[in-house]
Amino acid sequence: MMTTDQRLGILFQLYQSLLVVLLAPLLTGWVNQCRAWLQNRTGPGLMQPYRTLRKLFHKDAVMAYNASPLFRVTPYILFGCMWLAAAIIPIIAVDLPFSPAADVIALVGVFALARVFIALAAMDIGTAFGTLGARREMLVSFLAEPALLMVFFTASLISHSTQLPRIVEALAHHQFVLYPSLAFAGLAFVIVLLAENARIPVDNPGTHLELTMIHEAMILEYSARHLALVEWASSLKLFAYIAIGIALFVPYGIAEVGNWGALPQAIIALLVKLTLAGAALALLEALLAKMRIFRAPEFLGTAFLLAVLGLLIHFLLGA
Amino acid sequence: MTYTIQIINMLASMLLLIAFAMLSQRRILSLINLFAWQGLVLSLSTFVVAYSTDQHHLYYSAGLTLLLKVLVLPWLLHRLIRKLNVRWDVETLINIPTTMLVGIGLVIFAFNLAAPISQLSESITRGLIGIALASVLLSLLMMLTRRKAVPQVVGFLAMENGLFFAATSATHGMPLVVELGIALDVLVATFIFGIFFFQIRETFDSLDISNMEKLKDD
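Order-wise, the sequence lines are chains A and B.
The first sequence begins at 13 in the working numbering and counts up one residue at a time.
The second sequence begins at 331 in the working numbering and counts up one residue at a time.
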């Protein structure tokens, strides 16, 4: 027999997963809307990603003749990976039943799995753009991944655990301490977030200009429901990254172990933080200029450097 | 009390971060701005140390730092590069990622070197000696990797910042007379460097130090 706590846990796990899937396009819409405002445009409105998804799901899918099964299953794997990642991260409460399933290193692995599949699918058709996009994606991500791991290690050193719920526990529900090492890790994380989610200094999510696109080049061959799933997965990825950022650097408000009464407050805190993070992301993108692709290694090298400095400073100062 | 330590630690980390930012900077103008920021962080940390240890002469040295390193020296340097017309000089130097990696190596070296020294100290902020040493070494690295004269001088001044930070954080400052002497030295050094710049450019038509290798007697 399950205890009430376990049942509640499963219930909230389902609730969080649904919430994430439904909110993710809204977050993308909000970021796009903020960008439009900052560029003095009216913007398509917050609901535009939902409308796009609905339109795409109603269309008939077109496939290239030489598409292999890999190309066909990739959108589902991509969506599944991102959803799983979002289920592992403590977004509204720390003791959800899924959370102990994987620690931060496995989380990085889940992202890597999705990346490998999308890159393979991009090369599957054999068009020049797909291959080009996949190669660029790999160039960016193989530099971003170690930086992300270092960010996680810094947080893990402080909380003595690689489990995200334990990290949140240690940071949010104890006395407030100013961690210089976490500040470094935070800067590094922002750079990784920009690079991994195809945001502006590395990639431009709104362009189809062949010389600059990375993510868009990989998904050019997808259409209809496959494209919808890929787009949705990108929204979920952005959501997951921002949720990780919240869990590591501003975890205040996430409900504690067994404290189910704090959930409404946690959801409000989450919405406020997402709104702020989305606006900040749009502002950052408005302020930065797209950099040349060969500057990206230097940019991500900076992220790695910052994360390593965070680690070193943790060892030196013990904070 | 614990909060002041946390703030000093935070400022120390910022000092190190700015040292790295200077190392990665290509433009001379931004380099000077970063130097001014480093001075501001230094002044703030001196102020916090003064507040937490209740030593009045440190307030003076915080004020002196603010005046000299945030206002006067950057202003002098700005004027200098405007006169020399090297404001937008993009320097060519050995590639920046490599320099950064060497920088990380230096930081690890400095932290290890400082660890036994800090154990001797009774002070609350003894962990900071490592950071101060690291910023001194990073500034030295900047002086070594730059080819133009102005960034080398900024590196020299940044090195003095690191030493000053070590002095205030680890030993709660030197006697005021010594600090005044150093401040005057730095100021005079900047003036002399300024004159040197003009002489170098007059002779070689460029601020590239490698030209000076040709001054040999044959």
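Glycine included, each C-beta is placed from N, C-alpha and C at the ideal position.
Check: If you follow the alpha helix (DSSP H) that L31 (chain A) is in, where does it begin and where does it stop?; Outcome: T16 to L50
Check: Please return the same chain residues whose Cβ sits closer than 7 Å to the Cβ of M94 (chain A), not counting the five positions on each side in sequence.; Outcome: A126, A245, L248, K249 and A252
Check: Let me know if G218 (chain A) comes out buried or exposed under the rule of 16 or more other beta-carbons within 10 Å of its beta-carbon.; Outcome: exposed
Check: How should E490 (chain B) be labelled, buried or exposed, when 16 other C-beta atoms within 10 angstroms of its C-beta is the threshold for buried?; Outcome: buried
Check: CB-CB under 6 Å to T498 (chain B), same chain, minus the five flanking residues each way: which ones, in chain order?; Outcome: T376 and V379
Check: Can you tell me whether H209 (chain A) is buried or exposed, with buried defined as 16 or more other CB within 10 angstroms of its CB?; Outcome: The amino acid occupying residue 209 (chain A) in the given sequence is Asn; His does not appear at that position. By the neighbour-count rule (16 or more Cβ atoms within 10 Å), N209 (chain A) is buried.
Check: Beta-carbon within less than 8 Å of M162 (chain A)'s beta-carbon, same chain only, minus the 5 sequence neighbours each way: which residues are those?; Outcome: A197, A200, F316, A319, V320, G322 and L323
Check: Along the region 194-224 of chain A, where does the CB come closer than 9 Å to a CB of chain B? Name the residues.; Outcome: A195, F196 and L199
Check: To the nearest angstrom, how far is the alpha carbon of P192 (chain A) from that of M340 (chain B)?; Outcome: 5 Å
Check: Who are K478 (chain B)'s beta bridge partners in DSSP?; Outcome: B:D538
Check: Mind checking R148 (chain A): buried by the 16 CB within 10 Å criterion, or exposed?; Outcome: buried
Check: Where in the region 253-329 of chain A do unbroken runs of the alpha helix (DSSP H), each at least 4 residues long, occur, reported from the N-terminal end onward?; Outcome: 275-299 and 308-329
Check: Under 7 Å Cβ-Cβ, which residues of chain B neighbour E310 (chain A)?; Outcome: I426 and P427
Check: Hey, how far is the Cα of F141 (chain A) from the Cα of L232 (chain A)?; Outcome: 8 Å
Check: Taking all protein chains shown into account, do 16 or more other C-beta atoms lie within 10 angstroms of the C-beta of L487 (chain B), making it buried, or fewer, making it exposed?; Outcome: buried
Check: Between which two residues does the alpha helix (DSSP H) containing A118 (chain A) stretch?; Outcome: V116 to D136
Check: Would you identify the three-state DSSP class for R66 (chain A), choosing helix, strand or coil?; Outcome: helix
Check: Grouping DSSP H, G and I as helix and E and B as strand, with all else coil, what is R531 (chain B)?; Outcome: helix
Check: Considering Cα atoms alone, identify which of B:Q368, B:V518, B:P404 and B:S373 is closest to L394 (chain B).; Outcome: B:S373
Check: For Y88 (chain A), which residues of its own chain have a beta-carbon under 7 Å away from its beta-carbon, when the five flanking residues on both sides are left out?; Outcome: L241
Check: Helix, strand or coil: which one does DSSP assign to R53 (chain A)?; Outcome: coil
Check: Name the DSSP beta bridge partners of H207 (chain A), please?; Outcome: The residue you asked about is not His; residue 207 (chain A) is Ala in the sequence shown. DSSP, once it has assigned bridges, lists no residue as partnering A207 (chain A).
Check: Along the region 346-361 of chain B, what residues have a CB closer than 8 Å to any CB found in chain C?; Outcome: In summary, chain C is missing from the structure at hand, where the protein chains are A and B.
Check: I want to see whether chain B comes within less than 8 Å of I325 (chain A), judged by CB atoms only; does it?; Outcome: yes
Check: Please check if any C-beta of chain A sits within less than 8 Å of the C-beta of S343 (chain B).; Outcome: yes
Check: By Cβ distance below 7 Å, which residues in the same chain neighbour I130 (chain A) in space, the five residues on each side in sequence not counted?; Outcome: T86, L90 and M230
Check: Within 10 angstroms of the Cβ of T40 (chain A), are there 16 or more other Cβ atoms? Answer buried if so, exposed if not.; Outcome: buried
Check: Out of curiosity, what's the CA-to-CA distance linking M135 (chain A) and A79 (chain A)?; Outcome: 10 Å
Check: Across which residues does DSSP place A105 (chain A) in a beta bridge pair?; Outcome: A:A267
Check: Taking any Cβ of chain A, which residues in the region 512-540 of chain B have a Cβ under 9 Å from it, in chain order?; Outcome: none
Check: Which of the residues in the region 470-496 of chain B, read from start to end, lie with their CB under 8 Å from any CB of chain A?; Outcome: none
Check: Excluding the 5 residues preceding and the 5 following E181 (chain A) in the sequence, name in chain order all residues of the same chain whose CB lies nearer than 8 Å to its CB.; Outcome: V106, S171, E268 and V269
Check: Whole angstroms are fine: how far does the CA of A48 (chain A) sit from the CA of A207 (chain A)?; Outcome: 21 Å
Check: Answer yes or no: does any C-beta atom of chain A fall closer than 8 Å to that of Q449 (chain B)?; Outcome: no
Check: Quick check: L364 (chain B) and I338 (chain B), are their CB atoms within less than 8 Å of each other?; Outcome: no
Check: In this structure, how does DSSP classify G460 (chain B) when only helix, strand and coil are distinguished?; Outcome: helix
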